[in-house]
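J.:
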Amino acid sequence: MPSMNRLLRLVAAAAAVAFVVAACGSDSESGSASGGTPPAATSAAATSAAADPTTSAPAGGEGTAATAAITIKDFKYGDPLTVAPGTVITVTNEDSAGHDVLSDDGGKFRTPVLGRGEKATFTAPMEPGTYKYSCSLHPGSMSGIGTLVVSG
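Its first residue numbered 23, the sequence shown is counted upward by one per residue in this note's numbering.
Printed below as a string of structure tokens:
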């Protein structure tokens with residue numbers, strides 16, 4: 023039933039929008055709305071989001087795909103992440119606010135908006151290069167943008 027699938031997609035999209043609105047309404051743990059943009063992290067020494075630089079790749083390009091991880095924490099992405107083309111990257115949001123990962127060119131990769139503790143995956147582009155990414159919900163308040171380097 024195409025109409026049932028369309029209805030389910032519409033309901034899922036509405037729920038995601040409601041979550042985003044709720045997540046952006048407060049930037050403190052106490053839940054009080056400030057009405058402003060969440061502050062950028064102020065300490066460079068603070069524990070930053072760790073992009074796991076370790077990837078695993080099967081010998082000869084056969085078998086399961088290589089994997090890597092990006093963790094969003096304290097409104098930060100981790101250090102630049104270097105992966106092989108086609109690596110499956112798991113994104114975990116450890117912030118209280120919702121975040122996503124969107125390639126700055128808008129089309130190479132994107133995750134849905136993730137709430138605290140939620141995870142999503144995307145596949146690294148097959149074309150080697152340096153890809154910048156950011157959060158579409160907080161483009162000006164995240165501490166920097168993320169960098170994905172695809173080599174090989």
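Glycine is no exception: its CB is placed at the ideal position from the N, C-alpha and C atoms.
#1: Under three-state DSSP, which class holds residue 132?
#2: DSSP beta-bridge partners for residue 87?
#3: Could you please give the first and the last residue of the uninterrupted beta strand (DSSP E) stretch that includes residue 156?
#4: Between residue 92 and residue 111, is the Cβ-Cβ spacing less than 8 Å?
#5: Are residue 142 and residue 108 closer than 8 Å when you measure CB to CB?
#6: The beta strand (DSSP E) with residue 103 in it runs from where to where?
#7: On a Cα-Cα basis, can you pick out the residue from 136, 89, 130, 105 that is closest to residue 115?
#8: Note down, in chain order, each residue of its chain lying with its Cβ closer than 7 Å to the Cβ of residue 133, except the 5 sequence neighbours on either side.
#9: Just the C-alpha distance for residue 12 and residue 174, rounded to the nearest angstrom, thanks.
#10: What does a CB cutoff of less than 8 Å around residue 161 pick up in its chain, not counting 5 residues either side in sequence?
#11: Taking just the CA atoms, how far does residue 155 sit from residue 170?
T.: So, to answer that:
#1: Residue state, collapsed to three classes: strand.
#2: Note: residue 87 is not bridge-paired with any residue in the DSSP secondary-structure output.
#3: Under the DSSP assignment, residue 156 falls in the beta strand (DSSP E) whose first and last residues are 151-156.
#4: Contact: yes.
#5: Not in contact: residue 142 and residue 108 (Cβ atoms no closer than 8 Å).
#6: Where residue 103 is concerned, the enclosing beta strand (DSSP E) stretches over 103-105.
#7: Restricting attention to 136, 89, 130, 105, the CA atom closest to the CA of residue 115 is found in 136.
#8: Contacts found: 113, 122, 123, 142, 144.
#9: This structure does not reach residue 12, given that the chain is present from 23 up to 174, and the question cannot be answered.
#10: For residue 161, there are no CB contacts under 8 Å within the same chain when 5 residues up- and downstream are skipped.
#11: If I take the Cα positions, the gap works out to 8 Å.
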